[in-house]
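Undergrad:
In our numbering, the protein residues as written are 392 to 742.
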């Protein structure tokens, strides 16, 4: 269920935030207090998520509340991952005895710009999360304790969020499944054609599946066929792809899943990805990291008026094309309110 996966994400965030709040780096960067306040707020929200499970099915406003909470959690996760990387780099540099290397690190990473961005984004997340915490009181939610600590696929099979490689072959009948995350399945090489029948799917994620090919014809006699779905395409809202070296371009089924409602697209560590899909008119967030073969953005980027944030990092070809005023793709992205390239703030707009 949606509240289950949010609870899992919240638990991971709490671990990262607690570590950040007690870390000397957060003190040096001036975000220790904000990190602790985020821990307190998120802990309060997480305590009522089990009660949401019993109430959200027939409450549309509560569903919207859950969707907003999930989006904030994803934004927070992205920021914390960036902080973690920067912190590790700083530790490596500080362990070196060479003053020259330390100077090089700080000059190349532009610490003032980074700290400004970091502080702004954490405060923005804190503000949004505080609003979510206040809004939860409108639903008369009670704090509950999950004594079994059972999550994901071990719960109700038709609505769970986590999938083991051995369970993937049985997903055809999960028509009410809303969230499917396939993480760290090194032996998984293909998905079953039945994934196209997941008509309620809203959140899809892949991570560390190095052999996985998303072409649904792999290992099957069936080909991509729109008729098989009887016109019932899922309407993805969140898509995350991390460390899929087999991905060169998006397969047709995944593009079709994404066209109508996709709001957030995150792509990381896809070393062979060469192209992004077009016609994502509802997209609000696009994050691209470590995709060295990705050389250009979709041709219709200038028509994506809903897009409010673009982050590109460690993707040299793309970063060069997106350089302000001189990059070949700059005219396509200049309308986006918030743009960050390789740690540098290009545009920043207050919400």
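Cβ atoms here follow ideal geometry from the backbone N, Cα and C, with glycine treated the same way.
Check for me: the alpha helix (DSSP H) holding residue 428 runs from which residue to which?
TA: Counting along the chain, the alpha helix (DSSP H) containing residue 428 begins and ends at 423 to 437.
Undergrad: Go ahead and label residue 406 buried or exposed: buried means 16 or more other beta carbons lie within 10 angstroms of its beta carbon, across all protein chains shown.
TA: exposed
Undergrad: Take the Cβ of residue 570 as the centre, count every other Cβ of all protein chains shown within 10 Å, and call the residue buried at 16 or more, exposed below.
TA: buried
Undergrad: Beta-carbon separation of residue 597 and residue 632 under 8 Å?
TA: It is a contact, given that the beta carbons lie within the stated cut-off.
Undergrad: Less than 8 Å between the C-beta atoms of residue 457 and residue 397, yes or no?
TA: yes
Undergrad: Give every residue of the same chain whose Cβ lies closer than 6 Å to the Cβ of residue 548, excluding the five residues on either side of it in the sequence, and list them in chain order.
TA: For residue 548, the pLDDT reaches just 36, beneath the cut-off of 50, and the residue's location in the model is therefore unreliable, leaving the point undetermined.
Undergrad: Among residues of its own chain, excluding the 5 on either side of residue 691, which ones have a beta-carbon nearer than 6 Å to its beta-carbon?
TA: 669
Undergrad: Considering just the uninterrupted stretch of the beta strand (DSSP E) at residue 658, what are its terminal residues?
TA: 655 to 659
Undergrad: Going by the C-beta, is residue 668 closer than 7 Å to any heavy atom of the ligand ZN?
TA: As far as ligands go, the structure on display features none, and thus does not contain the ligand ZN.
Undergrad: What is the DSSP secondary structure of residue 604, reduced to helix, strand or coil?
TA: coil
Undergrad: Measure the alpha-carbon distance for residue 592 versus residue 606 and round it to whole angstroms.
TA: Rounded to whole angstroms, the gap between the alpha carbons of residue 592 and residue 606 is 18 Å.
Undergrad: By the DSSP assignment, the alpha helix (DSSP H) with residue 643 in it spans what residues?
TA: 643 to 649
Undergrad: Return helix, strand or coil for residue 621, following the three-state DSSP convention.
TA: Legend: pLDDT at residue 621 = 45, less than 50; position of this residue unreliable, no value from coordinates given.
Undergrad: In whole angstroms, what separates the C-alpha of residue 686 from that of residue 680?
TA: Annotation: residue 686 to residue 680 spans about 13 Å, alpha carbon to alpha carbon.
Undergrad: Going straight from the alpha carbon of residue 655 to that of residue 674, what length do you get?
TA: 6 Å
Undergrad: Output yes or no for whether 8 Å exceeds the beta carbon distance between residue 665 and residue 684.
TA: Judged by beta-carbon spacing, residue 684 lies within the 8 Å limit of residue 665, meaning their Cβ atoms are closer than that value.
Undergrad: Within a Cβ cutoff of 6 Å, which residues of the same chain sit near residue 728, ignoring the five residues on either side of it in sequence?
TA: 699, 740
Undergrad: Does the Cβ of residue 517 have 16 or more other Cβ atoms within 10 Å, making it buried, or fewer, making it exposed?
TA: buried
Undergrad: What residue range is occupied by the uninterrupted beta strand (DSSP E) comprising residue 736?
TA: 735 to 738
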